[in-house]
Structure formats: structure tokens, C-alpha cells
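Chains as they are written, first to last, in the working numbering: chain Z, 19 to 346; chain Y, 2 to 255.
Comments concern the structure below.
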Amino acid sequence: MSLIKVENLSKQFGNLTAVNNISFEVTEGTIFGFLGPNGAGKTTTINILCTLLAPTSGKTYIAGHDCLKEPSEVRKNIGIVFQDTTLDKDLTAYENLMFHACLYDVKRSVIKERINDALNFVGLFERKDDLVKKYSGGMKRRLEVARGMIHRPKVLFLDEPTLGLDPQTRAHLWEFIIELPKKHNVTVFMTTHYMEEAEVCNNIAIIDNGKIIAAGTPEELKKTVGGDVIYIRTSDNARAKNEIEKLFNLEVSEKDNELFLTALRGDACIPEIIKAVGETVLSVRLQRPTLNDAFLKMTGRQIREQNGSPEDTIKEAVRSYRRRHDRG
Amino acid sequence: MIEVNAVYVLIARDFKKFIREKGRLISTFARPLIWLFLVGGGMSRLVSPGMGLSYMQFIFPGILGMTILFSAIFSSISIIWDKEFGLMKAILVAPVSRLSIVVGKALSGTIISVIQAAVILMLFPFLGIKLSLLSAVSALAVSFLLAFSISALGIIIASFLESMESFSAIMNFIVMPMFFLSGAMYPVKNLPEILKLISKLNPLTYGIDALKHAIFPDAGIFDFPLPADLGILIISSAVFVIIAGIMFERKKTK
């Protein structure tokens with residue numbers, strides 16, 4: 019069953035088309051990754067789905083409810099972790115969760131249990147009575163995930179959940195996120211521009227300049243690159259090149275004194291290559307395609323390359339600074 | 002539609018923060034005391050308003066009004082912080098009507114303002130004012146109406162602004178003129194026509210006039226009859242809340 023359904027959605031801000039006629043569906047109980055560079059239209063799409071923004075045209079449904087016509091039904095069914103921190107830093111973690119539980123009209127009889135469960139889930143129970151302003155960036159994010167889950171939503175939106183966090187905290191946060199669908203029966207919709215993080219998703223849509231340019235499972239997307247790349251270093255490259263080309267009927271290229279070829283199932287090819295070139299082999303390595311390679315193939319540029327202005331770069335720097343430090 | 006839970010929790014949050022911020026607590030009481038005793042005390046030697054009142058006594062209802070004005074505006078303007086730091090976004094995606102958010106915010110500003118006004122009102126013995134229980138209760142009732150109206154007005158102002166940078170502009174161009182053109186420090190009826198007109202558009206004028214009715218029922222220092230004051234406060238409260246609700250709803254299509 020599709021919990022999120024987007025049909026021909028477009029959003030224009032004046033002359034700028036932020037989202038251009040996109041359609042997709044997200045199946046219940048899955049993690050859906052919405053990938054793309056900064057300014058591709060990810061946050062605009064989230065804002066429309068969570069009823070903060072009205073679309074220019076197109077339809078969006080969450081759990082069967084129209085986001086524009088039944089905002090209050092939609093709001094009951096969603097939890098959101100925004101890109102920027104949205105906690106009250108002058109309240110404690112417990113008070114922040116209590117505030118939200120009351121806003122979402124969680125029953126009095128289960129409120130305490132829910133809050134304690136959520137705090138335990140994100141490992142912040144011991145620090146529940148600390149003011150949020152004393153929290154680190156990673157703790158704030160985790161608290162926000164806990165807050166997004168407190169009313170047991172059907173869909174949880176995570177907008178760049180790991181932006182501005184250090185690698186260790188990032189890995190820690192992913193552990194929670196991966197467990198969400200199973201443990202809490204929630205469908206996750208996340209955006210990111212860190213391609214490697216999207217590997218955990220069941221399904222992915224890649225958006226660029228407001229348009230979805232590819233969709234599928236991570237495996238499917240990576241296949242579009244054309245397979246694995248095998249790098250071989252030998253003591254006699256010319257002979258080895260000849261042998262391998264004969265063996266697979268494939269073109270082998272050479273770069274920096276290293277041979278390389280693309281094969282659909284690289285791991286299976288390696289034994290045959292070693293057999294063919296024999297004792298001259300010095301090293302063999304296999305590189306599996308990444309989602310980054312897929313994006314590169316489809317758009318001709320790296321996802322991290324900022325196609326935006328220097329202003330965007332500064333904005334992001336400020337954002338991640340804010341997340342790590344005092345604000346919010 | 003108004004969700005009681007949401008209104009309650011918005012009030013509870015502001016109240017908790019109000020008690021927690023000691024600095025703010027002290028400064029909110031310092032301002033009226035300075036105006037009352039330093040400005041009022043000094044001016045008492047210069048002017049005599051007649052009607053058997055000293056100048057310090059005369060401005061007492063005005064100082065109560067000022068306490069409410071500043072406190073209510075501050076409380077509503079905190080919405081701008083919430084917008085800047087994101088919490089407002091989290092509130093707006095909750096299944097809560099926009100009217101509930103506005104009413105919750107307006108009521109929290111109201112309650113905090115009335116508490117402060119009540120503390121200032123207790124100073125009456127030091128000013129040589131005799132206050133009956135009825136007077137005190139009616140002064141608090143008027144304070145409640147006035148605080149609600151000003152809080153709702155503050156929410157409308159806050160809904161236009163995205164950052165705290167405009168804060169001093171609000172103070173200089175809205176709050177201070179509202180204070181001076183309200184009859185708090187001098188009677189409105191002696192002002193030039195144009196200023197008199199502005200003061201008649203100022204809800205604080207009617208709030209302070211009603212406070213004069215409550216505190217000095219026999220002095221005859223009022224500008225308007227009490228029912229007119231109360232009527233205007235009630236109507237302005239309702240109008241401001243509705244406008245603020247519309248302003249919040251409108252955000253969506255931006």
C-alpha cells in the first residue's frame with residue numbers, strides 16, 4: 019500500500035520552478051530516500067507534503083488524505099525532523115517532548131510512558147532533565163527523532179537528518195533510523211545529499227533541478243553505471259592487457275600504470291583474470307559503483323558540486339554551525 | 002475550532018520560561034518601578050493634577066497599563082524567536098488549528114501580564130492610595146481584557162516580521178508612542194487634535210481609562226465612560242485575534 023502519493027506536483031516561486039511535475043509513491047513500511055544536490059527541490063517537496071506550503075499544481079496524499087484539502091488529517095499522521103533544529107532550547111528534553119505530546123493530543127494515560135520510551139530509544143533518558151541548550155548537535159537530532167515519533171505517526175519525514183554532524187554521530191543516528199520501520203511500524207521519507215547514506219533506503223528517487231531523473235532501489239540505480247570496475251596492476255601491463263581483452267572480449271584501459279575494466283559481476287571475474295595473467299599480477303582491486311557514480315553518470319557532475327551561488331554555501335555553513343552550537 | 006490541549010500547553014511553556022528567566026523577571030518589575038518612583042516622584046514636585054491626587058498617584062493606573070503593554074508585547078514578539086529558531090514550524094505542522102495557536106499565545110501573554118500588573122498593584126499603600134477590594138478586583142479584570150487585546154495586537158505585529166532585527170523599530174515606532182499617547186502620563190484631552198485622534202485609535206487609552214475608573218472611582222479623571230472603555234477592549238480583542246488567525250493561516254500559500 020502506498021502511504022505517500024505524489025502526482026504531477028509542481029511548485030513555483032515567482033519565476034523559479036523549484037519542483038517541476040514530479041510523481042512518485044512510497045510503500046508502507048519502507049525507507050524512501052529523496053536524493054539530490056542542494057536546491058534541487060527536496061525541502062520544498064517536504065514542506066508541501068507536511069502542509070506548510072501550498073503547491074502550484076498537482077496532488078499529494080498521505081495515508082489517503084489530500085495534503086491541501088485535509089491538512090489536519092495529514093498532520094495527525096506525520097512526524098517531521100526538519101533540516102534546522104526546531105527544539106525549544108530553554109526547555110528540558112522531557113519538557114520538549116511533553117510540549118509536543120500535548121500538541122498532538124496524546125492521551126494523558128500513556129503520555130509519560132511514550133515519552134520515556136522515546137527517550138530510551140534515542141538513548142537520552144539519563145539526560146532528560148537537562149536544558150536542550152546544553153545538548154550537542156547529535157543529541158539534539160536524536161531528540162528531534164524521538165519527538166517526531168511521540169505521537170506514533172505513520173510517516174516520519176527526515177530532512178537532511180545528518181547534516182552538520184560528525185561521522186561518528188552520523189553513524190549512530192543511522193542505527194536508529196534503520197530500526198524505525200521494524201520497531202515502530204513507521205514509513206520513513208528522508209532527504210539527503212550524502213549519496214553514501216542513501217544505501218540504507220529501500221527505494222530512492224533522485225531529483226535534480228526540480229525533476230526526478232531516476233528512481234528505483236539502490237542496486238538498480240547503481241547498475242545503470244554499467245557494473246563494477248576492476249583495477250589490476252601487473253609487472254607486464256601490455257601482455258596482461260592483451261590476455262584479458264582476449265578472455266572477456268572487452269576493452270581494457272590503462273591509467274597511471276594500472277589497468278582497469280568494467281564488468282557486470284566483477285567479483286566473479288577476478289579468479290579468471292588471475293588465472294589468465296598468472297604470476298605477473300601485483301595487485302587486484304574491485305570497486306563497486308556507488309550512488310554517487312550513478313548520479314555522476316546521469317547528470318555529468320558530482321552531487322556535492324554546488325551548482326548554487328556562494329551564498330548557498332555560506333547558508334549551509336551557517337546552518338551546520340548552528341546545529342553544532344548554541345542555537346536551538 | 003479551538004483545541005484546549007494546545008492552548009494549555011502553549012501557555013504552560015511560556016509560563017515555565019517566564020519563571021525560569023530570572024533576568025527578565027527582574028527587569029519587568031524594574032521598569033514600572035523606575036517610571037513610578039523616579040519619573041513620577043520627580044514630576045510630583047512640578048505638576049499637580051488636582052482632584053486631590055498627587056502626580057505619582059495620578060500616573061499609577063498608567064504605570065499598570067505600561068506594565069501590561071510591555072509585558073504583553075514582549076510575550077507576543079517572542080513568536081519571532083520561535084520563527085527564527087524553528088519551533089514555530091514544528092508547531093505549525095501539528096494537528097492544531099491556527100486559531101488555537103493564536104489564542105494560546107494571546108492567553109499566555111495575558112496571564113503573564115496580569116501577574117505582573119497584580120504585583121505592581123500591590124504597591125498602592127506606598128503611594129498613599131486607598132484601594133477597596135472591589136477596586137482591586139475590577140482593576141485586575143480590566144488588566145485581563147487590556148492584556149489580551151495588546152497580546153493579540155502583538156501577534157499581528159509578530160506575524161509580519163521574520164527576525165528580531167526589527168525589534169528596536171517596534172519599540173520606537175509602536176510601543177513608545179502607544180505608551181505616551183494613552184493618557185498614562187498626562188490626560189489625553191489636552192493634546193493637539195492630531196495626537197488626540199491617534200490616542201483614540203490606541204487600545205491602551207481605553208485600558209488605562211478603565212483602570213482609572215477602577216482605582217479612582219470618585220476622582221473624575223477619566224476621558225470616556227466605563228462601558229465604552231470595556232466595549233472597545235472587548236471588540237478590539239476579538240478583532241485582533243481574528244486578524245492574527247488569518248495572518249497565520251495565510252502563511253501557507255507564500
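Positions of the beta carbon are idealized from the N, C-alpha and C atoms, including for glycine.
Please decide whether residue i counts as near chain Y, where near means a Cβ-Cβ distance under 8 Å.
i, result
"glutamate 109(Z)", "Reading off the sequence, residue 109(Z) comes out as leucine, not glutamate. Yes, because at least one Cβ of chain Y sits closer than 8 Å to the Cβ of leucine 109(Z)."
"methionine 69(Z)", "It should be pointed out that residue 69(Z) corresponds to threonine in this sequence rather than to methionine. Chain Y, which has a Cβ nearer than 8 Å to the Cβ of threonine 69(Z), makes this yes."
"glutamate 113(Z)", "yes"
"tyrosine 122(Z)", "yes"
"phenylalanine 278(Z)", "no"
Taking only beta-carbon positions, decide if residue i is within less than 8 Å of chain Z.
i, result
"alanine 91(Y)", "yes"
"glutamate 4(Y)", "yes"
"glycine 87(Y)", "yes"
"valine 97(Y)", "yes"
"lysine 18(Y)", "yes"
"arginine 21(Y)", "yes"
"tyrosine 207(Y)", "no"
"arginine 251(Y)", "no"
"arginine 25(Y)", "no"
"arginine 14(Y)", "yes"
"valine 103(Y)", "no"
"valine 138(Y)", "no"
"alanine 159(Y)", "no"
"tyrosine 9(Y)", "yes"
"valine 120(Y)", "no"
For the alpha helix (DSSP H) containing residue i, name the first residue and the last one.
i, result
"arginine 251(Z)", "From DSSP, arginine 251(Z) is part of no alpha helix (DSSP H) but of the beta strand (DSSP E) over 246 to 252."
"tyrosine 9(Y)", "5 to 21"
"asparagine 138(Z)", "126 to 139"
"valine 189(Y)", "Looking at the DSSP string, valine 189(Y) is not in any alpha helix (DSSP H), and its letter there is neither H nor E."
"leucine 53(Z)", "Looking at the DSSP string, leucine 53(Z) is not in any alpha helix (DSSP H); the run it does join, the beta strand (DSSP E), is 49 to 53."
"threonine 308(Z)", "No alpha helix (DSSP H) contains threonine 308(Z), which DSSP labels as neither H nor E."
"valine 173(Z)", "It is not in any alpha helix (DSSP H) - valine 173(Z) instead sits in the beta strand (DSSP E) that spans 173 to 177."
"threonine 206(Y)", "204 to 216"
Drop a sphere of 10 angstroms on the beta-carbon of residue i, count the other beta-carbons inside from all chains shown, and report buried for 16 or more, exposed for fewer.
i, result
"arginine 99(Y)", "buried"
"phenylalanine 174(Y)", "exposed"
"isoleucine 74(Y)", "buried"
"glycine 24(Y)", "exposed"
"proline 16(Z)", "Residue 16(Z) is absent from the model: chain Z starts at 19 and stops at 346."
"valine 206(Z)", "buried"
"leucine 134(Y)", "exposed"
"proline 179(Z)", "buried"
"phenylalanine 31(Z)", "exposed"
"lysine 158(Z)", "buried"
"phenylalanine 127(Y)", "exposed"
"lysine 60(Z)", "buried"
"asparagine 237(Z)", "The sequence shown places glutamate at residue 237(Z), rather than the asparagine named in the question. With fewer than 16 Cβ atoms within 10 Å of its Cβ, glutamate 237(Z) is classed as exposed."
"proline 89(Z)", "buried"
"glycine 105(Y)", "buried"
Residues in its own chain within less than 7 Å of residue i by CB, not counting five upstream and five downstream?
i, result
"serine 139(Y)", "Ala215"
"valine 97(Y)", "Glu4 and Ala7"
"lysine 25(Z)", "The question names lysine, but residue 25(Z) is glutamate in the sequence shown. Taken in chain order, the residues that qualify are Ser41, Gly76 and Lys77."
"phenylalanine 145(Y)", "Thr111 and Val115"
"isoleucine 121(Y)", "Pro33, Ile64, Leu65 and Thr68"
Near residue i, which residues of its chain fall below 8 Å by C-beta distance, leaving aside the five closest residues on each side in sequence?
i, result
"methionine 116(Z)", "Ile129 and Ile133"
"lysine 190(Y)", "Lys197 and Asp224"
"aspartate 311(Z)", "Lys240 and Val243"
"leucine 54(Y)", "Phe217, Ala220 and Ile222"
Shorter than 8 Å from the beta carbon of residue i to some beta carbon of chain B?
i, result
"lysine 94(Z)", "The displayed structure is made up of protein chains Z and Y, and chain B is not among them."
Output the boundary residues of the beta strand (DSSP E) element that contains residue i.
i, result
"asparagine 221(Z)", "221 to 226"
"isoleucine 175(Y)", "Where isoleucine 175(Y) is concerned, there is no enclosing beta strand (DSSP E), given that its DSSP letter is neither H nor E."
"glutamate 25(Z)", "20 to 31"
"glycine 76(Z)", "75 to 80"
"glutamine 101(Z)", "Element bounds for glutamine 101(Z): n/a, residue is neither H nor E."
"alanine 232(Z)", "229 to 234"
"methionine 208(Z)", "205 to 210"
"arginine 257(Z)", "Taken as a continuous stretch (DSSP letters only), arginine 257(Z) belongs to no beta strand (DSSP E), being part of the alpha helix (DSSP H) at 255 to 266."
"phenylalanine 42(Z)", "34 to 45"
Within a Cβ cutoff of 6 Å, which residues of the same chain sit near residue i, ignoring the five residues on either side of it in sequence?
i, result
"serine 169(Y)", "none"
Tell me whether the segment 105 to 123 of chain Z and the segment 138 to 154 of chain Z touch, counting them as touching only if at least three CB pairs, one residue from each stretch, are closer than 8 Å.
Judged by Cβ distances under 8 Å, the segment 105 to 123 of chain Z makes contact with the segment 138 to 154 of chain Z, as three or more pairs qualify.
Quick check: the segment 65 to 80 of chain Z against the segment 219 to 229 of chain Z, are at least 3 beta-carbon pairs closer than 8 Å?
Result no; under three Cβ-Cβ pairs closer than 8 Å.
Would you check if there are 3 or more beta carbon pairs closer than 8 Å linking the segment 146 to 160 of chain Y to the segment 65 to 80 of chain Y?
Yes, since at least three Cβ pairs between the segment 146 to 160 of chain Y and the segment 65 to 80 of chain Y fall closer than 8 Å, the two stretches touch.
Decide yes or no for the touch test of the segment 186 to 198 of chain Y against the segment 101 to 116 of chain Y: beta carbon pairs closer than 8 Å, at least 3 of them.
No: the two stretches stay apart, fewer than three of their Cβ pairs being nearer than 8 Å.
Check whether the segment 51 to 71 of chain Z and the segment 82 to 98 of chain Z touch, using three or more Cβ-Cβ pairs below 8 Å as the test.
As far as the Cβ criterion goes, the segment 51 to 71 of chain Z touches the segment 82 to 98 of chain Z, which means the pair count is three or higher.
Count the CB pairs spanning the segment 188 to 196 of chain Z and the segment 36 to 46 of chain Z that are closer than 8 Å, and state whether there are at least three.
Proximity of the segment 188 to 196 of chain Z to the segment 36 to 46 of chain Z falls short of the contact definition, fewer than three beta-carbon pairs being nearer than 8 Å.
Touching by the beta-carbon criterion (3+ pairs, under 8 Å), the segment 36 to 47 of chain Y and the segment 200 to 219 of chain Y
No: fewer than three Cβ pairs fall under 8 Å.
Contact between the segment 81 to 95 of chain Z and the segment 253 to 262 of chain Z is defined here as three or more beta-carbon pairs at a separation below 8 Å; is this criterion met?
No, because fewer than three Cβ pairs between the segment 81 to 95 of chain Z and the segment 253 to 262 of chain Z fall closer than 8 Å, the two stretches do not touch.
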